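Per this note's numbering, the very first residue in the sequence shown carries number 5; after that it's consecutive.
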Amino acid sequence: MNTAGLAEVFDKISEKITANKDYLVELDQQAGDGDLGIYMDAGYRAAAEFLKTCGIDDLGMAMNKTANVFNENAPSSLGTVTSFIMKGMAKSLKGKENADQKELAEAIIKGLENVTEKTGSKQGQKTILDSLYPGAEALLNNADKGIKEAAELAKTAAAGGSKAAGNLKAVWGRAAYFGEKSIGLLDGGAETGRLIFEGIADWAKE
5 MNTAGLAEVF DKISEKITAN KDYLVELDQQ AGDGDLGIYM DAGYRAAAEF LKTCGIDDLG
65 MAMNKTANVF NENAPSSLGT VTSFIMKGMA KSLKGKENAD QKELAEAIIK GLENVTEKTG
125 SKQGQKTILD SLYPGAEALL NNADKGIKEA AELAKTAAAG GSKAAGNLKA VWGRAAYFGE
185 KSIGLLDGGA ETGRLIFEGI ADWAKE
C-alpha cells in the first residue's frame, strides 16, 4: 500500500458513505443532531480527493494532512474523533512509503488507541470504536491471508461489532442524554465504522 493505493481505499469508503448518507442522517436523528451523514460524506469526499492529488509519498505525512482536511470538512464530534484516528495512524506510518496489510492494521489500531488517549472513549461505550476495533483486529489476525479474504472477515467483524453496540447504553454525545432509552438503537458512529470496512472490502475485491 502506497499513497496512490490509500487514495483508492478512501475513494471506495467515500462511495459507501455517500450511498448511505441518508441512512446515517436517519440514525443520527434518533438521538443526535441528524447531521452525521452530511458531515461524514463531506469529510470522506474531501479526504479522497486530497489523497488523489497530494503527491506525498510518505504515508505518515499523507495521513497527517488527510486528517486535517477531514476535520476541516467534517466539523463535528465524529469528525474530530476520525481525525484523531488518522493522526494516530500517521504516527504509526511515519517514514514509510509502502505498508503491508499487517502494518496497516496495526496503524488503524494505533489510531483507535489515540482516540482513547485524547478523549477517554473506549470500546464498549456505543461509539465508532465498537465496529472499528473488531474490524482492525480481524484484519491484523488474518494478515497471513490474502487481502480480499482478510477484508471480508474484517467487514463481518465490524458489522458484528456495530450490531452488538446497539445493545449498549450510550455514554457519549447527545445520545447519552437518552440513557437507558438508547439501548436497542443502532449507533450512527458504529454504523459508520461498519461502512468503512465495507468500503475497504469493496476495494480489496478489485
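For each residue, glycine too, the CB sits at the ideal point set by N, CA and C.
Here the structure is a predicted model, which means the values were calculated and not measured.
Asked                                                                                                                           : Found
Segments assigned alpha helix (DSSP H), at least 4 residues, entirely inside the segment 100-141                                : 105-123
Contacts around K122, its chain only, beta-carbon distance under 7 Å, and the 5 residues preceding and following it disregarded : F88
Beta-carbon proximity check, A168 vs L143, cutoff 8 Å                                                                           : no
Cut-off 8 Å between Cβ atoms - residues of its own chain near E4, not counting five sequence neighbours on either side          : Not covered by the structure: residue 4. The range shown for the chain is 5 to 210.
Rounded distance between the beta-carbons of T70 and M90, thought under 8 Å                                                     : 6 Å
Delimiting residues of the alpha helix (DSSP H) encompassing S45                                                                : What sits at residue 45 in the sequence shown is Asp, not Ser. Start and end: 40-57.
Span separating the alpha-carbon of G9 from that of K159                                                                        : 19 Å
Meets three-Cβ-pair contact criterion under 8 Å: the segment 71-79 and the segment 48-55                                        : yes
CB of C58 within 8 Å of CB of T7, strictly                                                                                      : yes
Segment contact, 8 Å Cβ cut-off, at least three pairs: the segment 125-144 with the segment 193-209                             : yes
Counted within 10 angstroms of its Cβ, other Cβ atoms place E156 as buried (16 or more) or exposed                              : buried
Separation of G170 from K130, as counted between CA atoms                                                                       : 7 Å
Proximity winner among A52, M5, K98, G41, relative to N68 (alpha-carbon distances)                                              : K98
Whole-angstrom distance between K25 and G193, CA atom to CA atom                                                                : 12 Å
Extent of the continuous alpha helix (DSSP H) to which M93 belongs                                                              : 81-97
Inter-residue Cα distance where the pair is D61 and L133                                                                        : 28 Å
Neighbour-count burial assignment, K209, 16 or more Cβ in a 10 Å radius                                                         : exposed
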